[in-house]
Amino acid sequence: MFWTKTLIPTQKEAPQEAESISHRLLLRAGFMRMLMAGVYSYLPLGLLVLRNIEKIIRQEMAACSASELLLPGLQPLELWQRSGRDREIAEVMFRFEDRRKRKLCLGPTHEEVITDLIKNHVSSYKQLPLLLYQIQTKFRDEIRPRFGLVRACEFTMKDAYSFDRDEDGLDKNYRAIYDAYCRIFKRCGLEILIIEADPGIMGGELSHEFMVPAADGEDIIEVKSKKVNCIEVGHIFKLGTKYSAKLGANFLDGKGKLSPVIMGCYGIGVSRLIPAIIEQNNDASGILWPMEVAPYKVIILPLDTTKNDIMDSACRIYEELKDKNITVLLDDRDERAGVKFKDADLLGIPLQVVIGKESLTKKVVELKVRRGSERIEKPQKEILKQIEGRVYG
RNA sequence: CGGGGAGUAGCGCAGUUUGGCUUAGCGCGUUUGGUUUGGGACCAAAAGGUCGUGGGUUCGAGUCCCACCUCCCCGACCA
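So, in structure tokens, the structure goes:
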């Protein structure tokens, strides 16, 4: 992508609306903008990061043999009355009526909808176990939205649901997801703490929270008697039969006995991962994206776009990288070197390729690694090899 | 909802205390021209504002009074 063809509104100063580090950097680097409190637009760079995170999640869920589906955000309130959660969850649910006076709500979570689905389509032990998930927009009328994407009223969640015939099956699925989550967060460049937690209104006997220690985290958890601010990025629950029993999701076992399906549910705050990653990966100059989630792996900085030889060189490298399936942003703005350097650092793209007058006379290309201060000056061929190694290695 | 802070140009702010040099300013950004060109350049010109909204006080309101709206921070809740 060429910078001038897309929308990357970087800012020197952080808007007054932002207090936390990740929120300030996301706004300054032009990844997102607020529409109203708790509701945000993803700009092109922000969306690229979101999609990268989703890709990691999809890969690891596939590794657990989970199937992706997509449930509706618009739901009948009646379903929530049947589970009894219309009261428990009352405050955070957006409700309204349609023109036919049907009582509707926007889904804050999807246990009810999926249990209703399973009720109608799973009736035999032969169909179990089953592991389903979706990546979807959730709506919650939060008491206090805060820290930008950390607590939003409209946000993206990955929610998975397991259906088993017995506790053993649930244990296996729970463990498989637990391990998958560890891989997902590691690939996102996160250090996490896992704590046993209170299932709350989700219900069930056991749950684990996946917490990201962060200076501007909103949760505080009581580690080795030290207080650590955290962002909760994942939460998994052994639900048991709470929903299946209430909504009538039963199956016949091998002996012809009818029992409620044993369930588990497994959430990841996908959009929340974006600020969580930044909280753990930034420095004074800006963001330090881990390679897998970076909006682009490489940014090319031709320092003088009015010089044909510099732009030609930049475009050649750009094409070569694209041929190798390495995502790349070319800063083709007619800006001074300093502006480009500052913005490149702010965006946090892991690899910077710098092409100036000197590099051409020396017949070299400069590679700067955003994290740390490594700089390599070598012929173009060598640099391309270096980039490949760092992206895929 | 309770407590604290803030709304003035796209962003950051001054001005509000003590109403009248305000024809509302400054920095950044934007536009045009010129000079520059490896870490947010310089000169010149220009565009850009319902001073959050509504009411009130006054000869006169960004400034005083009342009501409301919005945003941020702390608390209960949560991925």
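Per our numbering, the first sequence runs over residues -12 to 380.
All C-beta atoms in this analysis are idealised placements derived from N, C-alpha and C, irrespective of residue type, glycine included.
Rounded C-beta distance between residue i and residue j? I'm assuming under 8 Å.
i: isoleucine 287; j: tyrosine 305; result: 6 Å
i: isoleucine 188; j: glutamate 205; result: Isoleucine 188 to glutamate 205, Cβ: 18 Å. No contact.
i: isoleucine 43; j: isoleucine 171; result: 6 Å
i: leucine 119; j: serine 52; result: Actually they do not touch by this definition, with Cβ atoms about 11 Å apart.
i: valine 280; j: isoleucine 40; result: 6 Å
i: glutamine 46; j: cysteine 92; result: With a Cβ gap of about 32 Å, glutamine 46 and cysteine 92 do not count as contacting.
i: isoleucine 76; j: proline 95; result: 6 Å
i: leucine 14; j: alanine 24; result: Going by Cβ atoms, the distance from leucine 14 to alanine 24 rounds to 14 Å, so no, they are not a contact pair.
Give me, in chain order, the residues of the same chain whose beta-carbon lies closer than 7 Å to that of residue i; leave out the 5 immediate sequence neighbours on both sides.
i: glycine 235; result: Lys106
i: aspartate 73; result: Leu64, Trp67
i: leucine 245; result: Asn237, Leu239
i: aspartate 153; result: Ile249
i: leucine 57; result: Gln121, Gln123
i: serine 269; result: Checking the displayed sequence, the identity of residue 269 turns out to be asparagine instead of serine. The answer, listed in chain order, is Ile8, Leu12, Leu275.
Measuring alpha carbon to alpha carbon, tell me which residue in the options is nearest residue i.
i: phenylalanine 142; options: Pro132, Ile207, Ile8; result: Pro132
i: threonine -3; options: Glu364, Thr348, Val248, Asp332; result: Asp332
i: glycine 33; options: Ile181, Met23, Ser9, Ala50; result: Ser9
i: glutamate 364; options: Arg358, Arg357, Val378, Lys349; result: Lys349
i: isoleucine 264; options: Val36, Gly25, Ala16; result: Val36
i: leucine 193; options: Tyr230, Asp158, Leu316; result: Asp158
i: valine 356; options: Ile342, Pro337, Thr102; result: Pro337
i: isoleucine 255; options: Gln367, Tyr148, Glu78, Asp155; result: Tyr148
Which two residues bound the contiguous alpha helix (DSSP H) that contains residue i?
i: glycine 325; result: 324 to 334
i: serine 70; result: 64 to 70
i: alanine 167; result: 154 to 174
i: glutamate 98; result: 98 to 108
i: methionine 48; result: 31 to 50
i: isoleucine 11; result: For the record, residue 11 in the displayed sequence is arginine; it is not isoleucine. Note, arginine 11: alpha helix (DSSP H), 8 to 15.
With respect to 7 Å, is the separation between the Cβ of residue i and the closest non-hydrogen atom of the ligand SAM below this value?
i: glutamate 266; result: The ligand SAM is absent from the structure shown, which contains no ligand whatsoever.
Identify the continuous beta strand (DSSP E) that holds residue i and give its terminal residues.
i: leucine 308; result: From DSSP, leucine 308 is part of no beta strand (DSSP E) but of the alpha helix (DSSP H) over 295 to 310.
i: arginine 362; result: 362 to 365
i: isoleucine 207; result: 206 to 208
i: leucine 234; result: Segment 229 to 234 is the alpha helix (DSSP H) holding leucine 234; no beta strand (DSSP E) there.
i: lysine 88; result: Segment: none, lysine 88 is in no beta strand (DSSP E) and carries neither H nor E.
i: lysine -8; result: No beta strand (DSSP E) holds lysine -8; DSSP gives it neither H nor E.
i: alanine 5; result: That residue, alanine 5, is in no beta strand (DSSP E); it is neither H nor E in DSSP.
i: phenylalanine 81; result: 81 to 84
i: glutamate 78; result: Premise fails: glutamate 78 is in no beta strand (DSSP E) and is neither H nor E.
Based on the DSSP secondary-structure assignment, which residues constitute the bridge partners of residue i?
i: alanine 147; result: Tyr120, Tyr253
i: glycine 273; result: Asp270
i: isoleucine 287; result: Leu317, Val340
i: serine 111; result: Leu239
i: glycine 221; result: Phe197, Ile255
i: arginine 138; result: Arg133
i: phenylalanine 126; result: Glu141
i: leucine 245; result: Leu239
i: methionine 278; result: Note: methionine 278 sits in no beta bridge, so no partner.
Kindly list the residues whose CB is nearer than 8 Å to the CB of residue i, restricted to its own chain and excluding five residues on each side of it in sequence; keep chain order.
i: lysine 214; result: Ile207, Ile208
i: valine 109; result: Leu115, Leu117, Phe150, Ala236, Phe238, Val248
i: glutamate 375; result: Lys311, Ile313
i: glutamate 266; result: Ser7, Ile8, Ser9, Val199, Ala201, Ala202, Asp203, Gly204, Ile218
By Cβ distance, which residues of its chain are closer than 6 Å to residue i, with the 5 residues on each side in sequence left out?
i: serine 258; result: Leu136, Phe142, Thr143
i: threonine 314; result: Tyr283, Lys284
i: alanine 184; result: Ser194, Glu196
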